[in-house]
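Asks: Residue numbers (the numbering used here): 135 to 237.
Here it is in C-alpha coordinates:
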(Lines of atoms letter the chains of each structure in order from A; the text may use other names.)
(Lines give C-alpha, C1' and ligand atoms only; values in the text may rest on other atoms or scores of the structure.)
Protein backbone atom coordinates (compact mmCIF):
# COMPACT_ATOMS: atom_id res chain seq x y z
CA UNK A 135 0.00 0.00 0.00
CA UNK A 136 1.02 3.55 -0.58
CA UNK A 137 2.35 5.31 2.50
CA UNK A 138 0.41 8.51 1.78
CA UNK A 139 -2.86 6.58 1.62
CA UNK A 140 -2.11 5.05 5.02
CA UNK A 141 -1.37 8.46 6.55
CA UNK A 142 -4.62 9.92 5.18
CA UNK A 143 -6.48 6.90 6.54
CA UNK A 144 -4.97 7.51 9.99
CA UNK A 145 -6.06 11.15 9.83
CA UNK A 146 -9.56 10.14 8.74
CA UNK A 147 -9.88 7.63 11.58
CA UNK A 148 -8.72 10.30 14.01
CA UNK A 149 -11.32 12.75 12.72
CA UNK A 150 -14.08 10.14 13.01
CA UNK A 151 -12.93 9.40 16.54
CA UNK A 152 -13.09 13.10 17.37
CA UNK A 153 -16.64 13.35 16.05
CA UNK A 154 -18.20 10.20 17.49
CA UNK A 155 -16.10 9.31 20.52
CA UNK A 156 -17.81 8.85 23.87
CA UNK A 157 -14.79 10.57 25.43
CA UNK A 158 -16.02 13.96 24.22
CA UNK A 159 -17.89 14.24 27.53
CA UNK A 160 -14.53 14.05 29.32
CA UNK A 161 -12.89 16.47 26.90
CA UNK A 162 -15.61 19.14 27.14
CA UNK A 163 -14.52 20.67 30.49
CA UNK A 164 -10.88 20.54 29.40
CA UNK A 165 -11.68 22.22 26.09
CA UNK A 166 -13.74 24.90 27.85
CA UNK A 167 -10.71 25.82 29.95
CA UNK A 168 -8.22 25.69 27.07
CA UNK A 169 -10.34 27.67 24.58
CA UNK A 170 -8.88 30.96 23.37
CA UNK A 171 -10.64 34.06 24.67
CA UNK A 172 -11.62 35.30 21.20
CA UNK A 173 -14.26 32.56 20.89
CA UNK A 174 -17.51 32.74 22.84
CA UNK A 175 -18.07 30.04 25.42
CA UNK A 176 -21.14 28.64 23.72
CA UNK A 177 -22.00 24.96 23.53
CA UNK A 178 -21.19 24.80 19.83
CA UNK A 179 -17.69 26.16 20.23
CA UNK A 180 -16.98 23.95 23.24
CA UNK A 181 -18.13 20.89 21.28
CA UNK A 182 -15.96 21.93 18.34
CA UNK A 183 -12.85 22.33 20.47
CA UNK A 184 -13.50 19.13 22.44
CA UNK A 185 -13.85 17.22 19.17
CA UNK A 186 -10.62 18.79 17.97
CA UNK A 187 -8.94 17.83 21.25
CA UNK A 188 -10.05 14.19 21.02
CA UNK A 189 -9.02 13.82 17.38
CA UNK A 190 -5.63 15.44 18.01
CA UNK A 191 -5.05 13.20 21.01
CA UNK A 192 -5.93 10.15 18.91
CA UNK A 193 -3.46 11.19 16.23
CA UNK A 194 -0.73 11.84 18.80
CA UNK A 195 -1.20 8.80 21.04
CA UNK A 196 -1.57 6.36 18.15
CA UNK A 197 1.72 7.58 16.70
CA UNK A 198 3.75 6.76 19.81
CA UNK A 199 4.11 2.99 19.14
CA UNK A 200 5.03 3.71 15.52
CA UNK A 201 7.68 6.20 16.59
CA UNK A 202 9.09 3.75 19.12
CA UNK A 203 9.20 1.04 16.45
CA UNK A 204 11.08 3.31 14.04
CA UNK A 205 13.48 4.34 16.77
CA UNK A 206 14.22 0.92 18.26
CA UNK A 207 14.24 -1.41 15.23
CA UNK A 208 17.28 -1.24 13.00
CA UNK A 209 16.54 -0.48 9.35
CA UNK A 210 12.89 0.39 9.99
CA UNK A 211 13.07 3.94 8.69
CA UNK A 212 11.42 4.70 5.40
CA UNK A 213 9.22 1.60 5.32
CA UNK A 214 5.49 1.26 5.64
CA UNK A 215 5.59 -0.93 8.77
CA UNK A 216 5.59 2.06 11.13
CA UNK A 217 2.69 3.62 9.25
CA UNK A 218 0.71 0.38 9.52
CA UNK A 219 1.44 0.33 13.28
CA UNK A 220 0.17 3.91 13.44
CA UNK A 221 -2.99 2.89 11.56
CA UNK A 222 -3.63 -0.06 13.87
CA UNK A 223 -3.12 2.16 16.94
CA UNK A 224 -5.58 4.74 15.63
CA UNK A 225 -8.07 1.99 14.84
CA UNK A 226 -7.80 0.56 18.34
CA UNK A 227 -8.28 3.97 19.92
CA UNK A 228 -11.30 4.61 17.70
CA UNK A 229 -13.10 1.34 18.52
CA UNK A 230 -15.51 3.00 21.02
CA UNK A 231 -16.35 5.65 18.42
CA UNK A 232 -16.99 3.02 15.75
CA UNK A 233 -19.22 1.10 18.15
CA UNK A 234 -21.11 4.32 18.87
CA UNK A 235 -21.29 5.14 15.15
CA UNK A 236 -22.59 1.72 14.09
CA UNK A 237 -25.15 1.67 16.86
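Every residue gets a Cβ at the ideal spot worked out from N, C-alpha and C, and that includes glycine. Keep in mind the model is a prediction, meaning the values are calculated, not measured.
Just mark residue 151 as buried or exposed, buried being the case when its beta carbon has 16 or more other beta carbons within 10 Å.
Replies: By the 10 Å Cβ count, residue 151 comes out buried.
Asks: Just the Cα atoms here: how many angstroms apart are residue 144 and residue 175?
Replies: Residue 144 and residue 175: Cα-Cα distance of roughly 30 Å.
Asks: If you drop the 5 nearest sequence neighbours on each side, which residues of the same chain put their C-beta closer than 8 Å to that of residue 228?
Replies: The residues are 147, 148, 150, 151, 155, 192.
Asks: Determine the direct distance from the alpha carbon of residue 216 to that of residue 204, and round the result to whole angstroms.
Replies: Distance between the alpha carbons of residue 204 and residue 216: 6 Å.
Asks: Is residue 135 helix, strand or coil by DSSP?
Replies: In the structure shown, residue 135 sits in coil (DSSP, three-state: anything other than H, G, I, E or B).
Asks: Which whole runs of the alpha helix (DSSP H) in the region 136-176 are 4 residues long or more, in chain order?
Replies: Correct list: 137-154, 158-168.
Asks: Does residue 201 pass the burial test, meaning 16 or more other C-beta atoms within 10 Å, or should it be called exposed?
Replies: Classification of residue 201: exposed, given that the 10 Å Cβ count is below 16.
Asks: Comparing alpha-carbon positions, which option in 157, 213, 236 lies nearest residue 135?
Replies: Answer by Cα proximity: 213.
Asks: Quick check on residue 225: does DSSP put it in helix, strand or coil?
Replies: If DSSP states are grouped into helix, strand and coil, residue 225 belongs with the helices.
Asks: Spatial neighbours of residue 226 within its chain, please: C-beta separation below 8 Å, excluding the five flanking residues on both sides.
Replies: Result list for residue 226: 196, in chain order.
Asks: So the candidates are 211, 185, 224, 181; which of them puts its Cα closest to the Cα of residue 194?
Replies: The candidate whose alpha carbon is nearest that of residue 194 is 224.
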